[in-house]
């Protein structure tokens with residue numbers, strides 16, 4: 001049985017303007033994000049910098065001082081910095097501020113807005129928050145203030161980036177296309193492609209931040225919990241990581257097949273987005289004969305599907321990355337065996353959705369998560385600071401989370417081995 005949650009409510013739309021974002025625009029996001037060069041730049045520059053300069057330093061400090069960390073919070077901050085840098089080319093330094101109460105305006109507004117939107121799911125009935133919104137009172141009034149601040153901050157970043165582009169164009173006395181081919185961030189790519197509408201650009205980039213802000217951190221939070229519970233899997237991952245460079249390059253990260261399978265298995269049991277819904281734009285009939293009328297909502301539970309015996313077999317409750325792998329004879333070094341990843345039908349494993357709506361950030365998400373896992377697991381063990389037999393509570397709002405956070409102790413592997 002899936003965790004109970006109220007009927008879905010408007011989420012991302014609360015952060016976007018009334019200006020429609022076309023399907024063409026969304027597909028353009030995909031065409032940018034998933035060129036190999038862009039993805040490689042993201043992994044090698046943005047993720048590696050945030051990982052080496054901030055995250056690993058925080059973990060090393062915690063290990064040395066034996067300080068307990070809320071790992072869920074740390075990963076959320078890490079993901080927010082990453083997604084803002086790839087979206088805007090802007091670093092909010094949220095992870096850097098993890099030891100203080102200070103937050104810049106954009107971080108505070110974005111965090112307040114998403115928290116209030118998540119609180120809608122806690123209401124016993126959607127009518128409550130809708131009444132608040134209608135009369136502009138309570139949490140819904142605070143939401144409008146937070147959304148306005150977040151959007152204004154985003155617009156300022158758009159204006160500044162556009163202004164810099166125009167300055168460079170004038171200085172080089174050239175056309176926009178030849179001014180700057182550095183498309184490191186999403187906003188630069190759109191500007192270099194000739195887009196200039198401020199509302200459109202703001203909507204696209206905020207949508208991108210919303211999509212990536214908590215999904216990868218949710219996946220990694222549950223992954224590290226399962227890794228601690230399954231030392232055999234952890235040993236296999238450590239072995240795979242140690243076969244790579246100290247700081248794995250792009251091609252090495254792609255080849256981390258066992259880690260990739262372990263992430264898929266973790267998201268099967270604890271999907272970042274536990275359920276989703278679609279609105280029928282036309283009358284239709286599902287394969288089983290169910291009639292769907294135009295305007296009806298069709299909801300599917302990713303969490304439930306990941307735990308169905310009819311899909312995964314009798315061992316569905318077992319965390320077993322090998323279900324995603326098969327042995328390839330003579331494929332390893334010295335003529336040994338190696339693993340080959342075998343993907344699952346996306347309609348049976350809709351963690352990244354499927355068909356025309358499949359997540360265009362799937363490849364980027366995996367590369368980011370694998371690089372983070374490699375960086376952390378090579379150096380540290382993440383040990384939950386909970387009592388024996390205590391299991392974290394799975395809660396489902398915009399994304400899956402651990403209720404009350406994920407308190408952990410960080411143990412240096414060198415110290416552990418000594």
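Residue numbers (my numbering): 1 to 418. Cβ atoms here follow ideal geometry from the backbone N, Cα and C, with glycine treated the same way. Every value quoted in this text rests on a predicted model; they were computed, and no experiment measured them.
Contact under 8 Å by Cβ, residue i with residue j
i, j, result
"residue 364", "residue 78", "no"
"residue 405", "residue 70", "yes"
"residue 187", "residue 201", "yes"
"residue 372", "residue 227", "no"
"residue 358", "residue 380", "no"
"residue 265", "residue 320", "yes"
"residue 87", "residue 184", "no"
"residue 339", "residue 325", "yes"
"residue 198", "residue 158", "yes"
"residue 302", "residue 351", "yes"
"residue 298", "residue 278", "yes"
"residue 269", "residue 369", "no"
"residue 385", "residue 408", "yes"
"residue 80", "residue 161", "no"
"residue 401", "residue 218", "yes"
"residue 378", "residue 242", "yes"
"residue 259", "residue 240", "yes"
"residue 112", "residue 146", "yes"
Bridge partners - residue i, DSSP secondary structure assignment
i, result
"residue 427", "Nothing about residue 427 can be reported from this structure: the residues present for the chain run from 1 to 418 only."
"residue 210", "Paired residues: none, contrary to the question."
"residue 402", "394"
"residue 408", "69 and 384"
"residue 91", "Looking at the DSSP assignment, residue 91 forms no beta bridge with any residue, so it has no partner."
"residue 285", "291"
Cβ-based burial, residue i [other Cβ within 10 Å; buried from 16]
i, result
"residue 335", "Residue placement at residue 335 is flagged as unreliable, the pLDDT there being 47, under the threshold of 50; the coordinate-derived value follows with that caveat. Result: exposed."
"residue 137", "exposed"
"residue 104", "exposed"
"residue 181", "Legend: pLDDT at residue 181 = 49, less than 50; position of this residue unreliable, value from coordinates given subsequently. Exposed, because fewer than 16 other Cβ atoms sit within 10 Å of the Cβ of residue 181."
"residue 117", "buried"
"residue 348", "exposed"
"residue 196", "exposed"
"residue 131", "exposed"
"residue 286", "exposed"
"residue 273", "buried"
"residue 356", "exposed"
"residue 327", "exposed"
"residue 82", "buried"
"residue 134", "exposed"
"residue 45", "exposed"
"residue 191", "buried"
"residue 360", "buried"
"residue 19", "With a pLDDT of only 43 at residue 19, under 50, the local geometry of the prediction cannot be trusted, and the value read off the model is given with reservation. Answer is exposed; the Cβ neighbour count stays below 16."
"residue 74", "buried"
"residue 296", "exposed"
"residue 58", "buried"
"residue 256", "buried"
"residue 249", "exposed"
"residue 122", "exposed"
"residue 127", "exposed"
N-terminal and C-terminal residue of the beta strand (DSSP E) that residue i is part of
i, result
"residue 339", "338 to 341"
"residue 381", "380 to 384"
Delimiting residues of the alpha helix (DSSP H) encompassing residue i
i, result
"residue 353", "That residue, residue 353, is in no alpha helix (DSSP H); it is neither H nor E in DSSP."
"residue 326", "No alpha helix (DSSP H) contains residue 326, which is instead part of the beta strand (DSSP E) from 325 to 328."
"residue 190", "186 to 192"
"residue 309", "309 to 312"
Only counting runs of 4 or more residues, tell me where the alpha helix (DSSP H) segments fall wholly within the segment 223 to 265, in order along the chain.
231 to 242 and 250 to 254
Where in the segment 113 to 161 do unbroken runs of the alpha helix (DSSP H), each at least 4 residues long, occur, reported from the N-terminal end onward?
126 to 135
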